[in-house]
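In terms of the UniProt record's numbering, the sequence shown has 192 at position 192, counting the first letter as 1, and numbering is strictly consecutive. Heads up, the beta-carbon is just placed ideally off N, CA and C, and yes, glycines get one too. Computed from a prediction, not measured in an experiment: that's the story for all the values here. A short write-up of the structure that comes next.
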Amino acid sequence: MNPYVLTILLSSLGLGTTLTFASSHWVLAWMGLEINTLAILPLMAQHHHPRAVEATTKYFLTQATAAAVILFASTTNAWLIGEWDINNLSHPLATTMAIAALALKIGLAPVHFWLPEVLQGLDLLTGLILSTWQKLAPFALIVQLAPTIDPMLLTMLGLASTLIGGWGGLNQTQLRKILAYSSIAHMGWMIIVSQYAPQLTLLALGTYVFMTSAAFLALKLSSATKISTLTMAWSKNPIMVITTALVLLSLGGLPPLTGFMPKWLILQELAKQGLPLTATMMALAALLSLYFYLRLCYAMTLTMHPNTVNSMAPWRTRSTQLTMPLALTTTIALGLLPLTPGILLMVS
Numbered sequence: 001m002n003p004y005v006l007t008i009l010l011s012s013l014g015l016g017t018t019l020t021f022a023s024s025h026w027v028l029a030w031m032g033l034e035i036n037t038l039a040i041l042p043l044m045a046q047h048h049h050p051r052a053v054e055a056t057t058k059y060f061l062t063q064a065t066a067a068a069v070i071l072f073a074s075t076t077n078a079w080l081i082g083e084w085d086i087n088n089l090s091h092p093l094a095t096t097m098a099i100a101a102l103a104l105k106i107g108l109a110p111v112h113f114w115l116p117e118v119l120q121g122l123d124l125l126t127g128l129i130l131s132t133w134q135k136l137a138p139f140a141l142i143v144q145l146a147p148t149i150d151p152m153l154l155t156m157l158g159l160a161s162t163l164i165g166g167w168g169g170l171n172q173t174q175l176r177k178i179l180a181y182s183s184i185a186h187m188g189w190m191i192i193v194s195q196y197a198p199q200l201t202l203l204a205l206g207t208y209v210f211m212t213s214a215a216f217l218a219l220k221l222s223s224a225t226k227i228s229t230l231t232m233a234w235s236k237n238p239i240m241v242i243t244t245a246l247v248l249l250s251l252g253g254l255p256p257l258t259g260f261m262p263k264w265l266i267l268q269e270l271a272k273q274g275l276p277l278t279a280t281m282m283a284l285a286a287l288l289s290l291y292f293y294l295r296l297c298y299a300m301t302l303t304m305h306p307n308t309v310n311s312m313a314p315w316r317t318r319s320t321q322l323t324m325p326l327a328l329t330t331t332i333a334l335g336l337l338p339l340t341p342g343i344l345l346m347v348s
């Protein structure tokens with residue numbers, strides 16, 4: 001892709017998200033979301049592969065539907081109450097429509113079906129943008145809306161997402177689909193606590209962005225898109241395989257890695273709010289996700305590929321990928337747990 005076009009598209013991505021962050025009016029927030037969607041579409045379709053074009057079309061249709069419902073919800077609220085302000089979306093019909101549309105935008109269960117299919121059709125770097133940056137603007141709106149939404153609705157969305165995100169990833173062999181279901185499960189953890197402690201939602205979102213970035217960049221460096229490809233990684237780059245396995249365990253929420261911190265704090269907050277049953281179900285649902293992360297770690301570190309692979313041997317070509325972003329995100333994904341008290345002071 002032409003560097004000037006790429007610069008314009010990436011700037012538009014930044015502009016759309018910033019516009020939504022800074023807006024207090026629904027129309028301005030909607031414009032930010034639309035700019036975001038339109039800016040990523042050329043990046044998704046840039047390879048002109050039929051699967052990429054199909055993924056782009058699916059993404060466009062789901063995002064356009066969600067944007068239309070958000071506009072309809074805000075117009076309904078303005079019609080019934082006379083308020084366009086984001087914090088004054090108080091009519092039950094409008095709030096329910098808005099949270100349903102935002103759930104569709106980020107891929108929360110039960111409106112998650114588009115996410116694995118779309119992510120599977122993209123290359124790893126565009127998939128990284130879709131899994132991280134594209135979640136920020138909708139989450140800014142969800143955090144602002146959370147106080148006005150029925151707590152039971154948020155709890156059901158969160159529980160359904162963690163359970164489906166865990167179950168869906170169990171029998172997958174494609175790494176991008178596994179990361180998509182991982183994303184759905186993590187979104188569930190964030191949404192369930194958004195009403196009680198929005199700062200924990202933002203903390204969980206921040207750690208998720210760094211852990212997912214590290215996972216995508218590591219897979220990009222080893223040119224892996226299937227579990228069977230991972231079995232060849234150990235002989236090529238043992239140190240990177242060890243750190244990638246640790247990043248995946250961090251995504252699963254194992255101590256003493258960074259991913260344990262948000263899960264621990266969210267479970268603690270749910271228990272404080274008098275929801276021990278919900279906290280128990282969330283902890284059990286996390287075990288489902290942990291299983292498929294362990295499966296990936298086993299494939300990477302404890303197995304060797306038995307067959308001759310009929311493709312260009314990726315270890316013979318030197319990678320041109322920058323390794324500094326991978327090193328930075330991996331360090332953050334592995335080592336932040338001891339800093340939990342300081343991080344809590346900063347976000348609270």
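query, result
"Taking His186 as part of the alpha helix (DSSP H), name the residues at either end of that continuous run.", "Leu175 to Ile192"
"Nearest CA to the CA of Leu9: which residue from Met31, Thr20 and Met44?", "Met44"
"Measuring CB to CB, does Leu141 end up less than 8 angstroms from Ile192?", "no"
"Just to check my reading of the structure: Thr258 and Ala333 have Cβ atoms closer than 8 angstroms, yes? What is that Cβ distance to the nearest angstrom?", "5 angstroms"
"Looking at Ala55 and Ser118, is the spacing between their C-beta atoms short of 8 angstroms?", "The amino acid at residue 118 is misidentified as Ser; the sequence shows Val. A contact, by the Cβ cut-off of 8 angstroms."
"When the Cβ atoms of the region 175–190 are set against those of the region 232–240, are three or more pairs found closer than 8 angstroms?", "no"
"Note the first and the last residue of the continuous alpha helix (DSSP H) segment covering Lys236.", "Ala233 to Lys236"
"Do Ser161 and Ala197 have their CB atoms nearer than 8 angstroms?", "no"
"Find the nearest neighbour of Leu202 within the set Thr278, Met152 and Val347, judged by alpha-carbon distance.", "Val347"
"Over what stretch of residues does the alpha helix (DSSP H) that includes Ile142 continue unbroken?", "Trp133 to Leu145"
"By alpha-carbon positions, which one of Ile86, Leu89, Leu108 and Leu287 ends up nearest to Ala66?", "Leu108"
"Assuming the contact rule is C-beta atoms closer than 8 angstroms, Ala137 and Asn36 should be a hit. Round their C-beta distance to whole Å, please.", "6 angstroms"
"Can you tell which of Leu19, Lys135, Pro42 and Ile164 has the C-alpha that lies nearest to the C-alpha of Ala285?", "Ile164"
"So does the region 142–153 actually touch the region 236–251, counting three or more Cβ pairs closer than 8 angstroms?", "no"
"Do you know how far the Cα of Leu93 is from the Cα of Trp84?", "15 angstroms"
"To the nearest angstrom, how far is the alpha carbon of Gln172 from that of Ala245?", "18 angstroms"
"I think Met97 touches Val143, with their Cβ atoms under 8 angstroms apart; what is that distance to the nearest whole Å?", "Actually they are not in contact, since the Cβ atoms of Met97 and Val143 sit about 18 angstroms apart, beyond 8 angstroms."
"Nearest CA to the CA of His91: which residue from Thr75, Ala103 and Lys105?", "Thr75"
"Taking only runs of the alpha helix (DSSP H) that begin and end inside the region 15–60, which ones reach a length of at least 4 residues, in chain order?", "26–44"
"In terms of residue numbering, what span does the alpha helix (DSSP H) encompassing Tyr208 cover?", "Pro198 to Leu221"
"Less than 7 angstroms between C-beta atoms, sequence neighbours within five positions excluded: which residues of the same chain meet that for Ser12?", "Ile35 and Ala39"
"Considering only residues of the same chain and omitting the five flanking positions on each side of Thr212, which have a CB-CB separation below 6 angstroms?", "Ser131 and Thr132"
"Measuring only from the beta carbon, is Trp264 closer than 7 angstroms to any heavy atom that is part of the ligand GDP?", "Inclusion of the ligand GDP in the displayed structure is not the case, the ligand content being empty and no account of it being possible."
"Drop a sphere of 10 angstroms on the beta-carbon of Val247, count the other beta-carbons inside from all chains shown, and report buried for 16 or more, exposed for fewer.", "buried"
"Would you mind stating whether Ala146 and Gln199 have Cβ atoms separated by less than 8 angstroms?", "no"
"Flag this pair as yes or no: are the beta carbons of Ile86 and Phe139 separated by less than 8 angstroms?", "no"
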